[in-house]
Structure formats: structure tokens, C-alpha cells
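The next block holds one structure in the form of C-alpha cells; read it before the comments.
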Amino acid sequence: MSRKRKIDAVGGHTLPTAVGQHIVSAAVGDVVSRTISAAVGTLEEHAGMENHVERLDALVTMIRSVVDAAEGVHIRNWWLRRWLWKLRDAACEGAAAVRTFRRRAAEDTGRDDTGPRPWCLRTAKSLLFRDGSAAELKTTVARLEDVAAGLGDFLKLLEMEIRRISG
């Protein structure tokens, strides 16, 4: 009895037909498994990113409110003015990040200026081009949380400055 052998396309080696089919089946199964895992991971990351964008938006609102209140006061203390400038810069940076991530989310769902795109293109684009977005967003949120943590101290010093000026 002779067994039929086929030539393997990769290395030119001969393999029994059944073994070759098992190898191909295992390889295809592995690729499908990895693709599904990546898609599930992307969906979980996207949900987490939406929470971070909302947190970032709230931080921007808090910081911007303090900046707006302080800009109505003539601050003579140079260090307090410098702190105000840093708060203003942080609020601008946070607002820009919120706009960027909301625009990216709109693009990923196909709601951009070029019209709707097929689902597979949107998903492939989000898998390929958004690798560092979550880390970037988390870093921005952490930076603004640090800035917001000092708002109470800034407001106390601002109040002291107002009393000093009017007194």
C-alpha cells in the first residue's frame, strides 16, 4: 500500500495529506483565535477610553472654572500668576485631548465628513491605528488629576490675595 503525499507549499517537504490538513487547520484556528482576542480587547479598551474621556472632560470643566474665576482678579503675586498660567495650559491641553478623542470616536463609527464606511474598514482602522491612544489618554487624565488636586490650595491663596489687595 502506498500513501499519497503532497508537497508542502512552505518548505517543499512532502507530508501525508491528513497531517498537512491538521497543520493548516491548527494554523487557521490560531489566526482566528488571535483575531477575535484582538477584537474583544479593542472593544474593552474602547469602553475604558470612553470613561477616561468623560473623566477628562469633567477635570477640564473644574480647572477651567477656577481659571475663569481667577482671571477676574488682578493678581500681583508673580508665583500665583504663574500657577494660573499652568492651570490655563492644563485646561487647554485637556480640552484639546477631549476634542481629539471624540473626533477619533466619531471617525471610528463612520460619522465623519467622508460619509459612512463599511464596518470592516472601521474596525480594521481602529485595530491598526489606535495602539497608543489608551496610554496617551490615561497619561493626560493622570496629569490633569494631579493639577486638579491642587485647586483647593490655589483658591485659598487666591482668596488671600484678594483680601490683601482690598485690605
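Sequential numbering of the sequence shown, starting at 356, is according to my numbering. All residues carry an ideal CB built from backbone N, CA and C; glycine is no exception. All values derive from a computational prediction rather than experimental measurement.
- Item | Length of the line joining the Cα atoms of GLU399 and GLU426 | Residue placement at GLU399 cannot be trusted, given a pLDDT of 48 that sits under 50; what the coordinates show is reported in the next sentence. If you take the alpha carbons of GLU399 and GLU426, they lie about 41 Å apart.
- Message: Could you check whether the region 449 to 457 touches the region 420 to 434, counting it as contact only if at least three pairs of C-beta atoms, one from each stretch, sit closer than 8 Å?
- Response: no
- Task: Tell me whether ASN432 sits in a helix, a strand or coil according to DSSP, three-state version.
- Result: coil
- Message: Restricting to Cα atoms, I'd like to know which of ARG458, LEU435 and ASP501 is closest to ALA446.
- Response: ASP501
- Between which two residues does the alpha helix (DSSP H) carrying GLY427 extend? Segment: none, GLY427 is in no alpha helix (DSSP H) and carries neither H nor E.
- Should VAL422 and ARG457 be called a contact, given that it needs their Cβ atoms to be closer than 8 Å? no
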